[in-house]
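The sequence shown begins at 3 in my numbering and counts up by one. Structure, as structure tokens:
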Amino acid sequence: MIFDARPEARVIFKERLLWLLFLGPFFFLTYGTANQLTALYPSLASIMFDWEHAIPFIPEMIVPYMSVDLLFGFSFLLVSTRDEIQRHALRLGFTIAFAVVLFLLIPLQFSLDKPMVEGWAKPIFSGLAADLPYNQIPSLHVSLSMVVGYIYFMHLKGFWRWFSVFWFSLIAVSTLFVYQHHFIDLPTGFMAGLLTFYLIPAKGKTWPPLRFVSPKHIYIALRYLIVSILFTVLAFKTEYLVWLSAWIALSLLILAGLYMLGINDISNKKRGQIQRFSWLLFWPYLLGNYIAWHLWKKKVPAMVEIANGIWIGRSLNKKDEALIQKNKIKTIIDLAPEVNNVIPETVSYIYQPLLDLAIPDPIELQQICAIISAEKQQGNIYVHCKFGLSRSVLVGCAWLITQGFTKQQAWDAVSKAQTMRVDRPYMHIALELFEAHYRKH
3 MIFDARPEAR VIFKERLLWL LFLGPFFFLT YGTANQLTAL YPSLASIMFD
53 WEHAIPFIPE MIVPYMSVDL LFGFSFLLVS TRDEIQRHAL RLGFTIAFAV
103 VLFLLIPLQF SLDKPMVEGW AKPIFSGLAA DLPYNQIPSL HVSLSMVVGY
153 IYFMHLKGFW RWFSVFWFSL IAVSTLFVYQ HHFIDLPTGF MAGLLTFYLI
203 PAKGKTWPPL RFVSPKHIYI ALRYLIVSIL FTVLAFKTEY LVWLSAWIAL
253 SLLILAGLYM LGINDISNKK RGQIQRFSWL LFWPYLLGNY IAWHLWKKKV
303 PAMVEIANGI WIGRSLNKKD EALIQKNKIK TIIDLAPEVN NVIPETVSYI
353 YQPLLDLAIP DPIELQQICA IISAEKQQGN IYVHCKFGLS RSVLVGCAWL
403 ITQGFTKQQA WDAVSKAQTM RVDRPYMHIA LELFEAHYRK H
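Here it is in structure tokens:
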């Protein structure tokens, strides 16, 4: 098998790298945006105790302070299993997002002036000057030292395990001695870290819940994140397109998060129609998909029959209703959350969204196959995605596998009917995963 999707399977290097490539820019995008937005306030308060004036400025503490970035990256090399890396990534993502929300809800600033630094530490502090004196409560450094430090504690042994405890504790307190945080930020950062571990423990259920996420999910999420970063920069650099750019950036950032979390339903469709709130939130993505569908709808076959009474194809519009009647379709199974489609009143409608370009969860594919088998007793079935070339092809192949076909036989049968189907490695990986899952269960 090309890809072992079991939670207990050893995580591959590609996954480690993709998670890091996603979460690193995610941190800089969200943290930096919060800093820049807070800087727009005319004046900000500080929460500082009188005794904090006695805290010395120790430039050498910049070493543990800055080391968290490096240790953040190396932590992805230590995790062992797919379950562990997903929990670790979820903790990091939640910790960053939770802190950023609080930065925006409780805008504060650091109130002490840093002394001039000379010697070897001067270039480091000069670079740190780009980090504006905001984003105070809770200390994200403290929360991240807990989340990242936990991985080192679990995987290191003997002296190095306890040295990691000392070092990550030093990272937390260094925020005081390099004049980045006031004291109140540290216990609040600690509580934020505790909340993270409460919601996302080492074992058992989590919030947000763990879902099937493949390297393909993370890769697509990274693509949307990069575009979100570009529009965020545009929002801060342009005067006339600021709100439009910010809207697009936020929309694509949330979309990237949904891919990272493996959440399939982005539109909450009701009988083929995307709900207004989803249009409001994801309109750049939805508009792009509508334009693509409109340009391609006449270039791909609307419907093809892959087995007796089982049809697959693209999303249909009002002009395609005659095809529903001609092919005696009784049930439509909608896989595409990103486009509207017309559903005649005489036809049963079942919404089973799958993310575009991602490897679907074998369990979800099996559930859709079970629906097809049950609904087939009522008459012909039409399974569609946006273009009818990938997700509906996967579902069609999966259903044939449940009917006794091998993966290759199913692929050949569907390819014969849908000659324009997508033929990419992730499609074959998805079917191999499904076949292995179905034969086992």
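Using N, Cα and C, we set each Cβ at its ideal position, and we do this for glycine too. Small disclaimer: the values here were computed from a predicted structure and weren't measured.
Cβ pair residue i, residue j closer than 9 Å
i: Asn343; j: His386; result: yes
i: Pro286; j: Leu254; result: yes
i: Ile108; j: Thr32; result: no
i: Ile139; j: Phe168; result: no
i: Leu263; j: Val215; result: yes
i: Leu92; j: Pro210; result: yes
i: Pro427; j: Arg393; result: no
i: Pro61; j: Phe165; result: no
i: Pro66; j: Ile173; result: yes
i: Leu130; j: Ala47; result: no
i: Ala204; j: Ser145; result: no
C-alpha distance - residue i paired with residue j, whole-angstrom precision
i: Thr421; j: Arg12; result: 37 Å
i: Ile374; j: Met305; result: 16 Å
i: Glu323; j: Ala376; result: 24 Å
i: Ser147; j: Ser141; result: 10 Å
i: Ala309; j: Phe96; result: 45 Å
i: Leu260; j: Glu120; result: 46 Å
i: Ser176; j: His219; result: 36 Å
i: Phe449; j: Leu134; result: Because residue 449 is not part of the residues shown, which for the chain are 3 to 443, the question remains open.
i: Gln411; j: Arg89; result: 37 Å
i: Leu337; j: Ile312; result: 15 Å
i: Pro346; j: Leu79; result: 52 Å
i: Met193; j: Tyr353; result: 40 Å
i: Phe199; j: Leu94; result: 10 Å
i: Gly274; j: Tyr351; result: 8 Å
i: Ala415; j: Leu39; result: 55 Å
Of the listed residues the options, nearest to residue i (C-alpha basis)
i: Ala432; options: Arg441, Ala360 and Leu402; result: Ala360
i: Gln379; options: Pro217, Ala294, Phe214 and Ile331; result: Ile331
i: Glu340; options: Gln368, His296 and Ile308; result: His296
i: Asp187; options: Tyr200, Ser350 and Met50; result: Met50
i: Pro217; options: Arg393, Val167, Arg84 and Thr40; result: Arg84
i: Trp249; options: Asp267, Val229 and Asn266; result: Val229
i: Gln368; options: Trp401, Ala36, Val150 and Gln275; result: Trp401
i: Pro364; options: Thr404, Lys271, Asn329 and Thr348; result: Thr404
i: Leu282; options: Leu72, Lys299 and Leu257; result: Leu257
Where residue i falls, given that 16 or more other Cβ within 10 Å makes a residue buried
i: Gln277; result: exposed
i: Tyr242; result: exposed
i: Trp21; result: buried
i: Trp413; result: buried
i: Pro125; result: exposed
i: Arg423; result: buried
i: Ile334; result: buried
i: His184; result: buried
i: Ser247; result: buried
i: Lys103; result: A small correction: the amino acid at residue 103 is Val; Lys does not occupy that position in the sequence shown. Burial call: exposed.
DSSP state of residue i mapped onto helix, strand, coil
i: Thr408; result: coil
i: Ser280; result: helix
i: Gly315; result: strand
i: Asn37; result: helix
i: Asp363; result: coil
i: Val215; result: coil
i: Tyr43; result: coil
i: Met68; result: helix
i: Ser147; result: helix
i: Ala415; result: helix
i: Asp336; result: strand
i: Tyr154; result: helix
i: Val385; result: strand
Closer than 8 Å: residue i CB and nearest the ligand ATP heavy atom
i: Lys378; result: Here there are no bound small molecules, and the ligand ATP is not part of this structure.
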